[in-house]
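Before any comments, here is the structure.
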Amino acid sequence: SGSLGLAAGGPQRLDPGSLSLLLLLAYNGFVSLDRIPQARWLWSLVAVLALAGCQADQLLAPATPPPPGAAATAARAAATPIPTPIRTPALAVQPSPVRVASVPSPAASPVPPEQVAREAETVVASIGRALASQNLAQLEPILLDEVAVAAQGSGGETMPREKARTWLAERLGPGIKVEQWRRVELYDLVEVVTERWPQRAPLSDGRITFNLHRFNSRGQQDGVQGEWKIDVIIAE
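Counting from 581, one number per residue, gives the positions in the sequence shown under our numbering.
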């Protein structure tokens, strides 16, 4: 122990070389530090050095490698800007205009069947009186604005009211009368057969049949509120 610079009388300063050798021998079991007076502080030194060695190992140990793709993920996160939410101003709700419901016009009431029958009888009587008196002006209120005049074997023609009245006047003669008439409710039709017309072309049998339907003031066929009008004249 004298060669290591240690004396039995008390602690002495150790040079670095002796200290290193002493620690190496103690580590390998060749020297017992309990028999050396400086053992207390040497043990403290060994503990300090051991602790320092552990910390050095931790510092020098390679860092745990990051998981695969971590770098790429971090790079993408850094390169992708965080979108700023776009705030659109709320549109003001415009109140809908108040619509006033239109009041429907009252539906036209149909003419009672009894009245339709009476009106048919009245118009047939008017035709009989006009022909008997040879006063065709009485027919004008019941002639439609346009009348279809058909002659057997010679086709037909649509004539204005005045022309149709003139066509009748040119064939008018004494003794003409209503022979028969009928009302066909299914077709809303009144058929009036007159006889004893002079045989002037295109008349061959001296017979003219008047067909009447109901029309409104606009000249449209109206089976609800229309009036009886002559719209077809058939010469035979």
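Yeah, the Cβ is synthetic: ideal placement off N, Cα and C, and Gly gets one too.
A quick note: this is a predicted structure, and the numbers were derived from the prediction, not measured.
Report the CB separation of residue i from residue j in whole angstroms; it is logged as a contact under 8 Å.
| i | j | result |
| --- | --- | --- |
| V704 | V772 | 6 Å |
| V770 | W808 | 6 Å |
| L817 | Q714 | Nothing in the structure corresponds to residue 817, since the chain is present only between 581 and 816. |
| N796 | G806 | 5 Å |
| E816 | Q732 | 5 Å |
Is DSSP giving residue i helix, strand or coil here?
| i | result |
| --- | --- |
| R709 | helix |
| A744 | helix |
| L783 | coil |
| G722 | For the record, residue 722 in the displayed sequence is Ile; it is not Gly. Helix. |
| E816 | coil |
| R763 | strand |
| E701 | helix |
| E771 | strand |
| V691 | coil |
| A749 | helix |
| G733 | coil |
| A636 | No answer about A636 holds up, because its pLDDT of 46 lies below 50 and its placement is not dependable. |
| L671 | The predicted position of L671 is uncertain, since its pLDDT is 44 and thus under 50; a value taken from the coordinates is nonetheless stated next. In the structure shown, L671 sits in coil (DSSP, three-state: anything other than H, G, I, E or B). |
Figure out for me which residue from the options has the closest Cα to the Cα of residue i.
| i | options | result |
| --- | --- | --- |
| M739 | L752, D725, K809 | D725 |
| E701 | E742, Q805, W761 | W761 |
| E759 | L723, W808, W777, G735 | W777 |
| H793 | A710, L716, L711, L723 | L723 |
| G755 | E775, E720, N791 | E775 |
| E750 | P721, E765, L783 | L783 |
| G708 | K757, L716, V696 | K757 |
| Q718 | E742, G736, D802 | E742 |
| R787 | I813, R798, G803, Y767 | I813 |
| P692 | R798, V804, A730, A815 | V804 |
| V729 | D785, L711, A744 | A744 |
| S734 | T789, A781, A697 | A781 |
| Q801 | D785, A710, D768 | D768 |
| T746 | L716, D811, R698, P690 | L716 |
| I810 | Q779, S689, P721 | P721 |
| T789 | G799, R798, L711, L766 | L711 |
Where DSSP assigns a beta bridge to residue i, which residues make up the other side?
| i | result |
| --- | --- |
| W808 | R794 |
| Q801 | F795 |
| V727 | M739 |
| V758 | T774 |
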